[in-house]
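*Asks:* Shown below is the structure under consideration.
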Amino acid sequence: MVLANRYRIEKLLGCGGFGAVYLATDMTFGQIGQERKVAVKENHDPSALNAFLKEAGLLADLHHPNLPRVSDFFTEQPPTIPQPRPYMVMDYIAGEELWERIQRQGKLSEQEVLDLLVGIFDALEYLHGLQPPIYHRDIKPQNIRITPEGRTFLVDFGIAKVGGGTTTTSSRAATPPFAPPEQYRMAGETDDKSDQYALAMTIYVALTGRVPIHAEAPKREQAVTAGNPDPLEPIENLVPEVSQRVRIALKLALSVDKSARFPSIVDFRKALYPPLVMGLTRRQLFAAIAGTAAGISILAFVGYQIWKWRQPLWLVAELKGHGAGVTWVAFTPDGEKILSASHDKTVRVWDWRKSKCERVLKGHTDSVRCLALLKSNLLASASWDGTVRIWNWRNGQCLSVLPASVGQLHAIVASKDGRWLVAGGEQGLCIWQLPEEQSR
């Protein structure tokens with residue numbers, strides 16, 4: 019079957035109460051095997067149709083590497099169906115659901131879970147930071163897809179909410195046990211803290227390898243309000259090896275009282291990940307926890323001892339790609355990228371949060387020994403080939419080559435005002451006055 023004279027249906031990927039998802043080939047691309055995901059909505063439920071249309075409208079305006087991209091939307095009447103049906107075309111995301119991985123492996127390690135969810139935190143920070151913000155409201159392992167390369171996508175925006183709008187949430191729109199208490203109430207005010215709860219429960223399930231079916235939010239809320247034990251078993255009882263940091267972060271984010279959760283998804287992320295990874299000091303982490311309603315009691319429970327420096331540090335990432343030893347590394351001023359020089363005669367620009375090399379700066383004919391950051395996204399590299407090269411590290415363009423007359427270069431530094439550049443070699447120093455546009 020071919021839809022819109024363009025999309026050739028290959029096979030059924032999934033089917034639910036609201037519609038079906040097919041794998042299709044976009045024939046206009048002219049590339050064999052070019053695959054797109056086509057979501058098909060059966061026109062038998064008006065409320066489901068509204069959700070489908072809303073999802074298409076939301077995704078069409080979103081642009082983020084961890085969110086699916088909608089490329090087309092149309093209606094068509096299949097030959098055997100009396101009513102036209104809406105179709106939404108989005109990128110085909112190969113791989114598996116987080117839920118499928120949990121079912122296959124059982125509980126996942128803490129490091130694996132944190133690594134996988136970096137992209138999901140990025141996506142939620144993007145969504146919550148929009149004006150107006152967007153709240154997903156259906157985060158669960160089934161709605162997180164993992165590509166073969168390890169990249170994660172947050173999918174299914176059928177019950178998403180735009181901040182400032184009003185919604186009436188029915189129990190059908192709440193997936194237990196991932197939905198928070200406020201999502202079960204008919205006039206529940208779901209917001210970014212609702213996504214925080216759902217993501218925390220997703221982490222809980224991934225770490226324990228099981229779904230706490232008796233810990234639906236309404237039951238938890240009722241028990242806690244009545245002064246009875248919380249039916250959600252503490253994660254340390256199920257997975258003793260989970261770090262204190264993760265235990266505390268999940269305890270806060272899974273609070274049935276919304277005001278006791280972290281102020282934002284950013285604060286949740288900072289508390290969940292190792293402080294040195296996120297650039298967060300221990301004092302800031304304590305401040306983030308203390309800023310919640312339950313902060314004082316939790317800090318008293320935890321104690322200072324868990325933050326002592328004898329606690330082992332976490333390896334965040336290993337960035338591999340250079341063909342020889344690395345000689346110099348530096349963060350960009352915004353902290354988002356890492357620059358590395360190497361004996362392989364290149365400089366690399368890394369997105370360290372994604373463990374990805376964004377570009378390779380080539381031109382030197384011998385080992386690159388050191389780097390100096392200038393202003394306006396500029397970088398100076400000094401090499402044993404006796405030259406200094408000036409680069410725009412954002413686009414990889416080499417702007418200038420400065421020959422030095424002091425032999426192989428071993429050191430380089432720029433003045434604080436950006437006006438002067440000094441390189442040190444085997445026979446002395448070379449000093450250059452930088453152009454005005456570079457020194458601003």
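Each residue of the sequence shown is one higher than the last, beginning at 19 in our numbering.
Virtual Cβ for every residue (Gly too), placed ideally from N, Cα, C.
All figures in this text were calculated on a predicted structure; none of them were measured in a lab.
1. Taking only runs that begin and end inside the stretch 68–120, name each unbroken alpha helix (DSSP H) of 4 or more residues, in chain order.
2. Just reading off the beta strand (DSSP E) that Phe349 is part of, what are its end residues?
3. If I'm right that Ser282 touches His154 with Cβ under 8 Å, what's the distance once you round it to whole angstroms?
4. Going by the CB atoms, is the gap between Ile221 and Phe171 shorter than 7 Å?
5. Less than 7 Å between the beta carbons of Gly124 and Gly245, yes or no?
6. Three or more C-beta pairs under 8 Å: does that hold for the stretch 246–261 against the stretch 134–149?
7. Could you tell me whether the Cβ atoms of Leu76 and Phe175 are closer together than 7 Å?
8. Apart from the five residues on each side of it in sequence, which residues of its chain come closer than 7 Å, Cβ to Cβ, to Arg412?
9. Helix, strand or coil for Ala422? Go by DSSP, reduced to three states.
10. Report the residue from Ile157, Asn23, Ser277, Pro83 whose alpha carbon sits nearest the alpha carbon of Gln95.
11. May I have a chain-ordered list of the beta strand (DSSP E) segments no shorter than 3 residues that lie completely inside the stretch 329–417?
12. In angstroms, rounded to a whole number, what distance separates the CA positions of Pro198 and Ile231?
13. By the three-class DSSP mapping on this structure, what secondary structure does Ile314 have?
14. Quick check on this structure: which residue in Gly442, Gly436, Val440, Leu447 has the alpha carbon closest to the alpha carbon of Pro453?
15. Buried or exposed, going by whether 16 or more other CB atoms sit within 10 Å of the CB of His81?
16. Could you check what DSSP says for Tyr222 in three-state terms: helix, strand or coil?
17. Indicate whether Lys158 and Thr208 have their beta-carbon atoms separated by less than 7 Å.
18. Taking Val386 as the reference, give the member of Ala342, Trp438, Ala278 with the closest Cα.
19. Can you look up Ala22 in the DSSP assignment and give me helix, strand or coil?
20. Is DSSP giving Val295 helix, strand or coil here?
21. Considering only C-alpha positions, which residue in the set Ala224, Leu439, Cys375 is nearest to Gly339?
22. How many angstroms separate the CA atom of Ser418 from the CA atom of Ala390?
23. Just verifying my parser: in three-state terms, what is the DSSP assignment at Arg279?
24. Can you tell me whether Gln214 is buried or exposed? The criterion is at least 16 other CB atoms within 10 Å of its CB, across all chains shown.
25. Taking the beta strand (DSSP E) that Gly446 falls in, what are its first and last residues?
26. Per the DSSP calculation, Lys179 is bridged to which residue(s)?
27. Which same chain residues end up closer than 7 Å to Gln160 when comparing Cβ atoms and leaving out the 5 residues on each side of it in sequence?
28. Of the residues Lys72, Ser127, Leu427, which one's Cα is nearest the Cα of Met461?
29. Using only alpha-carbon positions, find the residue among Phe70, Pro100, Pro102 that is nearest to Val88.
30. Nearest-angstrom Cα distance between Lys363 and Lys380?
31. Within 10 angstroms of the Cβ of Lys29, are there 16 or more other Cβ atoms? Answer buried if so, exposed if not.
32. Closest to Gly446 by C-alpha separation, out of Lys434, Trp438, Ala429, would be which residue?
33. Apart from the five residues just before and just after Met219, which ones in its own chain have a Cβ nearer than 7 Å to its Cβ?
34. Considering just the uninterrupted stretch of the beta strand (DSSP E) at Phe171, what are its terminal residues?
35. What are the boundary residues of the alpha helix (DSSP H) that includes His428?
*Replies:* Answer, in terms of the structure:
1. If we require 4 residues or more, the stretch 68–120 turns out to have no alpha helix (DSSP H) run fully inside it.
2. To locate residue 349, count along the sequence shown from 1; it is residue 331. Counting along the chain, the beta strand (DSSP E) containing Phe349 begins and ends at 344–349.
3. Within the sequence shown, numbered from 1, the residue matching residue 282 stands at position 264. Within the sequence shown, numbered from 1, the residue matching residue 154 stands at position 136. About 15 Å separates the Cβ atoms of Ser282 and His154, ruling out a contact at the 8 Å cut-off.
4. Along the sequence shown, one-based indexing puts residue 171 at 153. Along the sequence shown, one-based indexing puts residue 221 at 203. In this structure, Phe171 lies away from Ile221, with their beta-carbon atoms at least 7 Å apart.
5. One-based indexing of the sequence shown puts residue 124 at position 106. One-based indexing of the sequence shown puts residue 245 at position 227. Against a cut-off of 7 Å, the Cβ pair of Gly245 and Gly124 comes out as no contact.
6. With the cut-off at 8 Å, the stretch 246–261 and the stretch 134–149 do not touch.
7. Counting from 1 along the sequence shown, the entry for residue 76 is found at position 58. Counting from 1 along the sequence shown, the entry for residue 175 is found at position 157. Closer than 7 Å, so yes.
8. By one-based count along the sequence shown, residue 412 stands at place 394. Listed in chain order, the non-local C-beta contacts of Arg412 below 7 Å within the same chain comprise Asn395, local neighbours out to five positions each way being set aside.
9. Locating residue 422 in the sequence shown gives position 404, counting from the first residue. In this structure, Ala422 counts as coil in the three-state DSSP scheme.
10. For the purposes of this step, residue 95 is taken as the residue at position 77 of the sequence shown. Nearest to Gln95 by C-alpha distance, out of Ile157, Asn23, Ser277, Pro83, is Asn23.
11. You should have 344–349, 356–360, 364–369, 374–380, 386–391, 396–401, 405–410.
12. The residue labelled residue 198 in the question sits at position 180 within the sequence shown. The residue labelled residue 231 in the question sits at position 213 within the sequence shown. Whole-angstrom Cα-Cα distance: 14 Å.
13. Along the sequence shown, read from residue 1 onward, the residue named residue 314 stands at position 296. Confidence at Ile314 is low in this model, with a pLDDT of 47, below 50, so the placement of that residue is unreliable and no value is reported for it.
14. Counted from its first residue, the sequence shown places residue 453 at position 435. Considering only alpha carbons, the answer is Gly436.
15. Counting from one through the sequence shown, the residue named residue 81 turns up at place 63. By the beta-carbon neighbour count (other beta carbons within 10 angstroms, threshold 16), His81 is exposed.
16. The residue given as residue 222 occupies position 204 in the sequence shown. DSSP, read as helix, strand or coil, puts Tyr222 in helix.
17. Taking the first residue of the sequence shown as position 1, residue 158 is located at position 140. Taking the first residue of the sequence shown as position 1, residue 208 is located at position 190. No, Cβ-Cβ distance for Lys158 and Thr208 is not below 7 Å.
18. Counting from one through the sequence shown, the residue named residue 386 turns up at place 368. Distance check between Val386 and each of Ala342, Trp438, Ala278 places Ala342 closest, using alpha-carbon atoms only.
19. Numbered from its first residue, the sequence shown carries residue 22 at position 4. Note: Ala22 maps to coil in three-state DSSP.
20. Position 277 of the sequence shown, counting from 1, holds the residue named residue 295. Bear in mind that the predicted position of Val295 carries a pLDDT of just 41, short of 50, making it unreliable; the figure below should be weighed with that in mind. The answer is helix: DSSP assigns Val295 an H, G or I state.
21. Counting from 1 along the sequence shown, the entry for residue 339 is found at position 321. Among Ala224, Leu439, Cys375, the Cα nearest to that of Gly339 is on Cys375.
22. In the sequence shown, residue 418 corresponds to position 400, counting from 1. In the sequence shown, residue 390 corresponds to position 372, counting from 1. Approximately 14 Å between the Cα atoms of the pair.
23. Within the sequence shown, the letter at position 261 stands for residue 279. Coil, per DSSP.
24. As a working note, residue 214 is residue 196 in the sequence shown. Gln214 is buried by the Cβ-count criterion.
25. Numbered from its first residue, the sequence shown carries residue 446 at position 428. DSSP places Gly446 inside the beta strand (DSSP E), whose first and last residues are 446–451.
26. As a first step, residue 179 is located in the sequence shown; it is residue number 161 there, counting from the start. Answer is Tyr153.
27. Along the sequence shown, one-based indexing puts residue 160 at 142. If we look at Gln160 and ignore the five residues flanking it on each side, its Cβ neighbours are Glu115, Trp117.
28. Nothing in the structure corresponds to residue 461, since the chain is present only between 19 and 458.
29. The residue given as residue 88 occupies position 70 in the sequence shown. Nearest C-alpha to Val88: Phe70.
30. One-based indexing of the sequence shown puts residue 363 at position 345. One-based indexing of the sequence shown puts residue 380 at position 362. When only Cα atoms are considered, Lys363 and Lys380 end up about 7 Å apart.
31. Against the sequence shown, residue 29 aligns to sequence position 11. Here Lys29 is exposed, its C-beta having fewer than 16 other C-beta atoms within 10 Å.
32. Locating residue 446 in the sequence shown gives position 428, where the first residue counts as 1. Gly446 has its Cα closest to that of Ala429, out of Lys434, Trp438, Ala429.
33. As a working mapping, residue 219 is identified with position 201 in the sequence shown. For Met219, the CB contacts under 7 Å within the same chain, skipping 5 residues up- and downstream, are Pro195, Phe196, Leu272 in chain order.
34. Along the sequence shown, one-based indexing puts residue 171 at 153. Segment 170–172, the beta strand (DSSP E) holding Phe171.
35. Mapped onto the sequence shown, residue 428 falls at position 410. His428 -> not in any alpha helix (DSSP H); beta strand (DSSP E) instead, spanning 427–432.
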